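**Q** Here you go, one structure.
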Amino acid sequence: MADTPLRPVTLAVSTAASPRWQPRLQLFEQTTASADRKRPVLYVHGATFASENSIFFRFGGLSWADALNRADRSVWGLDFAGYGRSERYPEMAADAPRAGAPLGRAPEAAQQIARAVRAILVETGAPRVSIIAHSWGTMAAGRFAGDHPHLVDRLVFFGPVVRREAFDEVPPLGAWRLLTVDEQKKRFVEDVPPGEPGVLAEVDFPAWAALYLSFDATSASRTPPSVRTPNGPQADIMAAWSGRLAYDPGRITAPTMIVRGEWDSLCTDADVAWLRHALAGAPRVADLKIPKATHLMHLESGRTALHDAAATFLDAR
C-alpha cells in the first residue's frame, strides 16, 4: 500500500477566449485495483499547503489516502492555483509581496473545484463525488456544493472555519505573502495546552518541510527559505470572522460530517453549533470531536482516528 503511486492529471488552460486568467491546475489520483473508482473522494486543502503535504503525505509510512484506498475508495487531490504543483498567479512572480487584492478567494477556488470535479467524473464515469475539505477549504467546497448539489454525494468538513462576529472589518492584506517552515510549525503546535505532550508527527516533519519548500522554486533564494502563498484564504477567514462567510451552508443538500480536534481554536464548539444549525438543508449532519488533537490533526498522532471517522461516514447508509 505504501508504494501506491500518485497519478497526475493536469487540467490545462481553456483555449476559449476569456477575459479572466485561467490557471493550469494539478489534480492527482491515488487508487488501487480493489478501489471503486465510481465512488471517488476529492480532497480540498486549506489555506497554506497543498495536497501532497496533506492527504497524500505518509506519516509513519501511511497517508490518509492510503487509509481511504484500504476502504476501497479512489482518492483525488486538487492543488489550488498558487499552491503545490498548480500554476502560480502572475502577481506572485514578483521578488517580494506587493499591495493588491488578495489572490485566491473562495468563489474562484470553488470554480477550480468545479473544473476538478468535471475531470474526475469524466475519468471515472462516476455520477457524483464525495469531498473532504479542510479549514478554509470548507468555504470553497461549501460554495461548490451549494452551486452543484447534484454532483456531491457526501461532505466531510474537517476543522471548518465558519461565521463569527469577532472583527468589525478586514485589514488590508496584500495579494500574497511569504511563509517559512518555522512559521508553519509554530502554527501547528500553538494550540496544544501547556503541560500536554506534543501531538505533531515530529519524526516525519523534516521530510514534510523539505517537500513543502520544494514546491516553490524560489524558496532557497530567501533567508530563511520561504514559500509564496496567496492571501485570499486569509482574507476569507477574516471576512468570515467579521460576519461574512463566503458561502451559504443552507444551500448544501448532501449529508455532511463535521470533524475537529478537541484543541482546535479555529473550530470551537460554538462554531460547530452555528454550522450545524446553518446546515438546514442537509439530510444528515454528523459531528465528531477527537480528543487531544488540533486544527492540524492530519499531521498528528490522532490522525488515524480522523482517517477512520471519515471512511466510516463516507460508507454509512
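When we follow this note's numbering, the leftmost residue of the sequence shown carries the number 6, and every step to the right adds one. Beta carbons are placed, not taken as given, at the ideal position from N, Cα and C, and that holds for glycine. From a predicted model like this one, the values you see are computed outputs, not experimental measurements.
How many whole angstroms separate the CB atoms of F193 and L301, which I take to be in contact at a CB cut-off of 8 Å?
**A** By one-based count along the sequence shown, residue 193 stands at place 188. By one-based count along the sequence shown, residue 301 stands at place 296. Going by Cβ atoms, the distance from F193 to L301 rounds to 5 Å, so yes, they are a contact pair.
**Q** Pull up the distance between the alpha-carbon of E170 and that of G248, whole angstroms please.
**A** The residue labelled residue 170 in the question sits at position 165 within the sequence shown. The residue labelled residue 248 in the question sits at position 243 within the sequence shown. Distance between the alpha carbons of E170 and G248 is about 5 Å.
**Q** By DSSP, does V264 sit in helix, in strand, or in coil?
**A** Position 259 of the sequence shown holds residue 264. V264: strand per DSSP, three-state reduction.
**Q** Among the residues of its own chain, which have a CB less than 7 Å from the CB of A86, if the five just before and after it don't count?
**A** As a first step, residue 86 must be located in the sequence shown, where it is residue number 81. Answer for A86: P28, L30, E92, Y94, G109 and Q117, listed in chain order.
**Q** Rank R322, F318 and L304 by C-alpha distance to the C-alpha of F64 and give the top, closest one.
**A** What you label residue 64 is simply residue 59 of the sequence shown in a count that begins at 1. Residue L304 is the option with its Cα nearest to F64.
**Q** Under DSSP, the beta strand (DSSP E) around K191 begins and ends at which residues?
**A** Stepping through the sequence shown from its first residue, residue 191 is reached at position 186. No beta strand (DSSP E) contains K191, which is instead part of the alpha helix (DSSP H) from V186 to V194.
**Q** Pick out whichever of F54, D196, S270 and D313 has its Cα sitting closest to the Cα of F220.
**A** Locating residue 220 in the sequence shown gives position 215, where the first residue counts as 1. The option with the nearest alpha carbon to F220 is F54.
**Q** Where does L83 sit, in a helix, a strand or coil, going by DSSP?
**A** Taking the sequence shown and counting its residues from 1, one reaches residue 83 at position 78. Correct three-state label for L83: strand.
**Q** Less than 6 Å between C-beta atoms, sequence neighbours within five positions excluded: which residues of the same chain meet that for V232?
**A** Working through the sequence shown from its first residue, we reach residue 232 at position 227. L184, D221 and S224.
**Q** Take A119 and list the residues in its own chain whose beta-carbon comes closer than 7 Å to its own, dropping the five residues that flank it on each side.
**A** Looking up residue 119 in the sequence shown gives position 114. Excluding sequence neighbours, A119 sits near F149 and H153.
**Q** Determine the closest residue to R281 out of F162, F318, A214 and G179, with distance taken between C-alpha atoms.
**A** As a position in the sequence shown, residue 281 is number 276, starting the count at 1. When each option's Cα is compared against that of R281, the closest is F162.
**Q** Going by the beta-carbon positions, is the gap between A259 and V166 smaller than 8 Å?
**A** Here the question's residue 259 lines up with position 254 in the sequence shown. Here the question's residue 166 lines up with position 161 in the sequence shown. Against a cut-off of 8 Å, the Cβ pair of V166 and A259 comes out as no contact.
**Q** Does the Cβ-Cβ distance between A131 and R75 come in under 8 Å?
**A** Mapped onto the sequence shown, residue 131 falls at position 126. Mapped onto the sequence shown, residue 75 falls at position 70. No, they are not a contact pair.
**Q** Along the alpha helix (DSSP H) that carries T129, what are the first and last residues, could you check?
**A** The residue you call residue 129 lines up with position 124 of the sequence shown. Unbroken alpha helix (DSSP H) run through T129: A111 to T129.
**Q** Measure the CB-CB distance between D323 and S270 and report whether it falls below 8 Å.
**A** Summary: the structure shown does not reach residue 323, with the chain confined to residues 6 through 322, and so no result is reported for it.
**Q** In angstroms with no decimal places, state the Cα-to-Cα distance between V290 and I257.
**A** Along the sequence shown, one-based indexing puts residue 290 at 285. Along the sequence shown, one-based indexing puts residue 257 at 252. Approximately 11 Å, taken between the alpha carbons.
**Q** Terminal residues of the continuous alpha helix (DSSP H) containing H312?
**A** Indexing the sequence shown from 1 puts residue 312 at position 307. Here the alpha helix (DSSP H) through H312 covers R308 to D320.
**Q** Taking just the CA atoms, how far does P288 sit from P230?
**A** Indexing the sequence shown from 1 puts residue 230 at position 225. Indexing the sequence shown from 1 puts residue 288 at position 283. Going by the C-alpha atoms only, they are around 46 Å apart.
**Q** Cβ atoms of L160 and I136: under 8 Å apart, would you say?
**A** Looking up residue 136 in the sequence shown gives position 131. Looking up residue 160 in the sequence shown gives position 155. In contact: I136 and L160 (Cβ atoms closer than 8 Å).
**Q** Per DSSP, what are the beta-bridge partners of S231 in this structure?
**A** Mapped onto the sequence shown, residue 231 falls at position 226. DSSP output for S231 lists T185 as bridge partner(s).
**Q** Would you call P107 buried or exposed, if buried means 16 or more other Cβ atoms sit within 10 Å of its Cβ?
**A** By 1-based counting over the sequence shown, the position of residue 107 is 102. Burial call: buried.
**Q** Using the Cα positions of P10 and F210, report the straight-line distance between them to the nearest angstrom.
**A** Here residue 10 refers to the residue found at position 5 when the sequence shown is read from its first residue. Here residue 210 refers to the residue found at position 205 when the sequence shown is read from its first residue. Spanning the two alpha carbons is a distance of roughly 21 Å.
**Q** Report the rounded CA-to-CA distance for K294 versus G255, giving the unit in angstroms.
**A** Indexing the sequence shown from 1 puts residue 294 at position 289. Indexing the sequence shown from 1 puts residue 255 at position 250. One C-alpha to the other measures close to 22 Å.
**Q** In terms of residue numbering, what span does the beta strand (DSSP E) encompassing L73 cover?
**A** Here residue 73 refers to the residue found at position 68 of the sequence shown. Unbroken run through L73 is the alpha helix (DSSP H), W69 to R75; no beta strand (DSSP E).
**Q** Quick one: is D71 buried, meaning 16 or more other Cβ sit within 10 Å of its Cβ, or exposed?
**A** Numbered from its first residue, the sequence shown carries residue 71 at position 66. Per the 10 Å Cβ criterion, buried.
**Q** Considering only residues of the same chain and omitting the five flanking positions on each side of A146, which have a CB-CB separation below 6 Å?
**A** Against the sequence shown, residue 146 aligns to sequence position 141. Same-chain partners within the cutoff: V49, I136 and A138.
**Q** What is the residue span of the beta strand (DSSP E) that A291 lies within?
**A** Along the sequence shown, read from residue 1 onward, the residue named residue 291 stands at position 286. It spans V290 to I295 - the beta strand (DSSP E) in which A291 sits, taken as one unbroken run.
**Q** Kindly indicate which residue of L156, L250 and G151 has the alpha-carbon position closest to the one of R133.
**A** Residue mapping note: residue 133 aligns to position 128 of the sequence shown, counting from 1. It is L156.
**Q** Could you check how far apart the C-beta atoms of A315 and V264 are, in whole angstroms? I think they sit under 8 Å.
**A** Here the question's residue 315 lines up with position 310 in the sequence shown. Here the question's residue 264 lines up with position 259 in the sequence shown. Rounded, the Cβ-Cβ distance is 7 Å, consistent with contact.
**Q** Between the Cα of A121 and the Cα atoms of V46, A99 and V277, which residue gives the shortest distance?
**A** Position 116 of the sequence shown, counting from 1, holds the residue named residue 121. For the residues V46, A99 and V277, the minimum Cα distance to A121 belongs to V46.
**Q** Taking the alpha-carbon of N236 as reference, which of V175, W26 and R78 has the nearest alpha-carbon?
**A** As a first step, residue 236 is located in the sequence shown; it is residue number 231 there, counting from the start. Of V175, W26 and R78, the residue nearest in Cα terms is V175.
**Q** Quick one: what's got a C-beta closer than 6 Å to G266's C-beta in the same chain, skipping five residues either side?
**A** Numbered from its first residue, the sequence shown carries residue 266 at position 261. Correct list, in chain order: I295, A298, T299 and M302.
**Q** Whose C-alpha, out of A40, K190 and L73, is nearest the C-alpha of W213?
**A** Walking along the sequence shown from the start, residue 213 turns up at place 208. Nearest of A40, K190 and L73 to W213, Cα basis: K190.
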